[in-house]
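Note sheet for the following structure.
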Amino acid sequence: MTTPGKNVRHLLVTIALAMPVLASAQSAPGPQPSQGAGPSLPLPPPAMHGMAHGHDSFGGMPPYLRGLNLDEAQRDKVFAILHAQAPQLREQQKAHDKARQALADLVRSGQYSEGRAKQLADALARSATEIELMRARSDSQILALLTAEQRARMERMPRMSRPQEGHERRAPPGAPGA
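Per mature numbering (1 follows the signal peptide of the UniProt record, and there is no 0), the sequence shown runs over residues -25 to -1, 1 to 153.
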């Protein structure tokens, strides 16, 4: 028998499991100029890979390439990698947003169903997984374009400035390892 207390516990578990995904789905930053040799401010973690590295749909570079002085050929290849993947990323982001909204609507509807919530949470997780795989794939392709000197310079950057480093979950303040 399902009791109201049990439904609330299931809801809280579902929300807790979805929090890392929801935390990564922040709004995207505004347009940024294409990054060259000059210094710039760090960007917040974005929502999608046309935005996933903090670049806009007009050819901005991922933040971890800042200060590496890419030549024109490298910048063109980075653009090609990101541009080729943009349609699939957009579709995954739309699926992610749709599942997140449907789950939120279900919670507020007063018609909560554990089965439906699980379906929506699974869809949310699948889309987040695909987005992260696309991000990892493009990061790998982009890193392969760097010279040994550029890689060494990137390794000296703060961890949060490197690919995939800024996407790690952090322990809450006061937690072990925080």
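Just so you know, even glycine gets a beta-carbon here, dropped at the ideal spot from N, CA and C.
Helix, strand or coil at residue i according to DSSP, with G and I counted as helix
{"i": "Leu121", "result": "coil"}
{"i": "Arg128", "result": "helix"}
{"i": "Pro133", "result": "coil"}
Beta carbon proximity, residue i to chain D, threshold 8 angstroms
{"i": "Arg112", "result": "Absent from the structure is chain D; it holds one protein chain and no more."}
Inter-residue spacing [alpha-carbon to alpha-carbon] between residue i and residue j
{"i": "Arg128", "j": "Leu45", "result": "12 angstroms"}
{"i": "Ala54", "j": "Asp97", "result": "With the sequence shown as reference, residue 54 is identified as Phe, and Ala is not the correct amino acid for it. Whole-angstrom Cα-Cα distance: 32 angstroms."}
{"i": "Glu105", "j": "Gln63", "result": "9 angstroms"}
{"i": "Ser102", "j": "Asp51", "result": "28 angstroms"}
{"i": "Glu47", "j": "Ala77", "result": "43 angstroms"}
{"i": "Arg41", "j": "Ala79", "result": "37 angstroms"}
Sequence-distant residues of its chain with Cβ nearer than 6 angstroms to residue i (five each side left out)
{"i": "Gln125", "result": "Leu43"}
{"i": "Ala70", "result": "Ser102"}
{"i": "Leu67", "result": "Here the sequence assigns Gln to residue 67, which means Leu is not the residue at that position. Excluding positions up to five away in sequence, the list reads Ser102, Glu105 and Ile106."}
Cβ neighbours of residue i in the same chain (closer than 8 angstroms, five flanking residues each side left out)
{"i": "Leu81", "result": "Tyr87, Ser88, Arg91, Ala92 and Leu95"}
{"i": "Gln49", "result": "Leu120 and Leu121"}
Contacts around residue i, its chain only, beta-carbon distance under 7 angstroms, and the 5 residues preceding and following it disregarded
{"i": "Pro133", "result": "none"}
{"i": "Ser113", "result": "His24, Ile56, Leu57 and Gln60"}
Pick out the complete alpha helix (DSSP H) segments inside the stretch 34 to 112, 4 residues or longer, and give them in chain order.
47 to 84
Just checking, does the stretch 87 to 96 make contact with the stretch 104 to 115 on the three C-beta pairs under 8 angstroms criterion?
no
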